[in-house]
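Just below is one structure, and these are the notes that go with it.
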Amino acid sequence: MASRSEIEQKGTKLAATLVPIASICGDDELDTGLLKKMAEYSEKYISAFSWCEEVLESYFAGGVGGIFAVFFFRIKTKYPRVDPWIWIMGGSVPPAYLPLRHCNSAARAFDMYLEGMRKWVEYARKGQTGNDDQGVPPVNLPSTPEQAEEIHKRLEALVLAVKPFFEKLGERDLG
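In the working numbering, the protein residues as written are 9 to 183.
Below, the structure written as C-alpha cells:
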C-alpha cells in the first residue's frame, strides 16, 4: 500500500496534467457553463463529508457538460487514513468519490464508477443496500427496484455517450 507521501506525490504529478477548475473550457459556452456548475456541485459534495476539512485544489479531468464529469480534488483532512487526493464523479447520475490510491487515472475512475454503480443497481433491484467492502459506493437514493431501473438506464446512456470520451482520453496512469 502506498504511503501518504507517495499518494501526495502521485496526486501532484497527476494534477499537473489536468485542467484547473478555474480554467474549464467546454466545447461551447453552454458546455462550459454546465461543467462549471458540475464542478461547484462536486466541491459541495466532497466538502459535505466530515473527513474533508477543506478543498485545497480542484481540477477537471474530463467529461461532457450536464451529463457526466470527473474532477480531481486535493483536500485537507485530519484523518491519516483519508487520501489527500480524491476523484469525484457525477452528473445526471448520483455522485461518488474514489481515493487516488484506488485508481490512477480519470479513465479508470470512470470505469470504477460504472462498476460500482452497476453493483448498486443489482442490490437495489432486490431492495438491498451494498457497502464499500462489496464494491458498492454510497448512494443517497432509496434502494428500490424502481430507482435501480432509473439508474440502470442512465448508466447505459453514459456508456454510449461518455465512455468513448474516456477511452479517447486514455489512461494517464502514474502506476
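For each residue, glycine too, the CB sits at the ideal point set by N, CA and C.
All figures in this text were calculated on a predicted structure; none of them were measured in a lab.
(request) Measuring alpha carbon to alpha carbon, tell me which of 65, 14 and 122 ends up nearest residue 162. (result) Here residue 162 is taken as the residue at index 154 of the sequence shown, counted from 1. Comparing Cα positions, the closest option is 122.
(request) Could you tell me the distance, in whole angstroms, from the CA atom of residue 116 to the CA atom of residue 78? (result) The sequence position of residue 116 within the sequence shown is 108, counting from 1. The sequence position of residue 78 within the sequence shown is 70, counting from 1. Taking the straight line joining both Cα atoms gives about 10 angstroms.
(request) Look at residue 132 and residue 153 and say whether their C-beta atoms are less than 9 angstroms apart. (result) Start at 1 with the first residue of the sequence shown, and residue 132 comes out as number 124. Start at 1 with the first residue of the sequence shown, and residue 153 comes out as number 145. Closer than 9 angstroms, so yes.
(request) Note down the Cα distance separating residue 45 from residue 25, rounded to an integer number of angstroms. (result) Counting from 1 along the sequence shown, the entry for residue 45 is found at position 37. Counting from 1 along the sequence shown, the entry for residue 25 is found at position 17. Approximately 22 angstroms between the Cα atoms of the pair.
(message) Excluding the 5 residues flanking residue 124 on each side, which residues of the same chain have their C-beta closer than 7 angstroms to its C-beta?
(response) Looking up residue 124 in the sequence shown gives position 116. Excluding sequence neighbours, residue 124 sits near 104, 143, 144 and 145.
(request) Could you name the residues of the same chain whose beta carbon sits closer than 7 angstroms to that of residue 91, not counting the 5 residues immediately before and after it, in chain order? (result) The residue labelled residue 91 in the question sits at position 83 within the sequence shown. Once the five neighbours on either side are set aside, the close Cβ partners of residue 91 are 15, 107, 108 and 109.
(request) Taking residue 62 as part of the beta strand (DSSP E), name the residues at either end of that continuous run. (result) The residue you call residue 62 lines up with position 54 of the sequence shown. Unbroken beta strand (DSSP E) run through residue 62: 62 to 72.
(message) For residue 61, which residues in the same chain have their Cβ closer than 8 angstroms to its Cβ, ignoring the five residues on either side in sequence?
(response) What you label residue 61 is simply residue 53 of the sequence shown in a count that begins at 1. Closer than 8 angstroms at the Cβ level, and outside the excluded window around residue 61, lie 83, 84, 85 and 86.
(message) Less than 8 angstroms between C-beta atoms, sequence neighbours within five positions excluded: which residues of the same chain meet that for residue 120?
(response) Stepping through the sequence shown from its first residue, residue 120 is reached at position 112. Excluding positions up to five away in sequence, the list reads 106, 110 and 111.
(message) Please report the straight-line C-alpha distance between residue 138 and residue 113, rounded to a whole angstrom.
(response) In the sequence shown, the residue the question calls residue 138 occupies position 130. In the sequence shown, the residue the question calls residue 113 occupies position 105. Going from the Cα of residue 138 to the Cα of residue 113 covers about 25 angstroms.
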